[in-house]
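Take the sequence shown: its letter number 187 is residue 219 in my numbering, and every next letter is one higher. Here is the structure we will look at.
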Amino acid sequence: MTLFTSFVNNKLRKSSSISVGQLSQALELTSQEDTTREEHKILSGIVSFGNTDIRAVMHPRIDISAIDETMTYPEVLAFIQENGYSRVPVYQDNIDNITGIIYAKDLLPYLNEKDFDWKRIKRKAFFVPDNKKLDDLLAEFQQKKIHLAIVVDEYGGTLGVVTLEDVIEEIVGEISDEYDAEDAFYTKLDENNFLFDGKTSLKDFYRVLAVPEDVEEHFEKIRGESETLAGFLLELIEAFPEKKQVIPFENYTFTIEDIDKKRIKQLKVTIK
């Protein structure tokens, strides 16, 4: 593994890019005895990194916490303190019209002021299309020295946000950032039963339940464009489920526990 890591580091120092073909070949030649499971996952992440779209790692629109331009300065301070984000999008009228980003650190010199015009220290928002590849986004993050991007569709509508931590996580595995609640998306009931939020990413689902790679491939074939557990189930049954409906797949049974309008909010997963 040390030799392989040195090979990658040397390549990256000598060239701005290393081909996926080279990495794939090196990964195939690297035996399990030479690498730990985590090291192998990192190498696999490098191989797939350039082919992954932003949509696969972004935080969806429904999870965006943003500041309305009509909010007063005390309201903005309270919002940032309550939510704990260091960078917050600012919008006018609705979330599709994001006008900038507020950095919490930029407010520090004005904490003792009662009526500060906070909008004058907004920073320019960085917008990216949802089909941009992660390697291109990482390069832009590095070039612009920023950590947050607003993901938009072809019509300019807001789809979600993506952070530098989200991008790096695709290579090195799970790391924590301010947009991640510490595994708050699931509850372990017992050894074989878990409660998951419907919006749990499939990546997190695979990780928590240690889904075998061959079974993970079956999930991937079904999921289509969906990135969440709820989206996967909709693809699987090709209909919207009813509350308490039981859906079997592979070694798992999914029971719909809570529905909000046309959204699967919570489901129970039973390992057979």
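Note that CB positions come from ideal geometry on N, CA and C, so glycine has one too.
Start and end of the beta strand (DSSP E) containing K176?
-> Note, K176: premise wrong, no beta strand (DSSP E); alpha helix (DSSP H) at 166-176.
Does the distance from the C-beta atom of I272 to that of F264 stay below 8 Å?
-> Note on residue identity: the sequence assigns Phe, not Ile, to residue 272. Going by beta carbons, F272 and F264 fall outside the 8 Å limit.
Simplified DSSP assignment, three categories, for L44 = Any reading at L44 is ruled out, since the residue's pLDDT is 42, under 50, leaving its predicted position unreliable.
Leaving out five residues on either side along the sequence, give the residues of the same chain with a beta carbon under 6 Å from the beta carbon of D138.
-> In the same chain as D138, and ignoring 5 residues on each side of it, the C-beta atoms closer than 6 Å to its own belong to I153, in chain order.
By DSSP, does D128 sit in helix, in strand, or in coil?
-> DSSP places D128 in the coil class of the three-state scheme, outside both helix and strand.
Simplified DSSP state of Q113, which is helix, strand or coil | Q113 falls in the helix class under three-state DSSP.
Give a yes or no on whether the C-beta atoms belonging to F159 and V184 are separated by under 8 Å.
-> Contact flag set, yes.
Would you mind giving the Cβ-Cβ distance between E83 and K164, rounded to the nearest angstrom? I have them listed as a contact below 8 Å.
-> In the sequence under discussion, the amino acid at residue 83 is Asn, which differs from the Glu named in the question. Not really, about 12 Å apart at Cβ, beyond 8 Å.
Taking E289 as part of the beta strand (DSSP E), name the residues at either end of that continuous run.
-> Start and end: 284-292.
What does a CB cutoff of less than 7 Å around K176 pick up in its chain, not counting 5 residues either side in sequence?
-> A distance below 7 Å between beta-carbons, with the five flanking residues on each side excluded, links K176 to the following residues of its chain, in chain order: F158.
Express the C-alpha separation of A181 and R119 in angstroms, rounding to a whole number.
-> In this structure, the straight-line span from the alpha carbon of R119 to that of A181 is close to 10 Å.
With DSSP as the reference, label Y142 as helix, strand or coil.
-> Residue state for Y142 is assigned as helix, using DSSP reduced to three classes.
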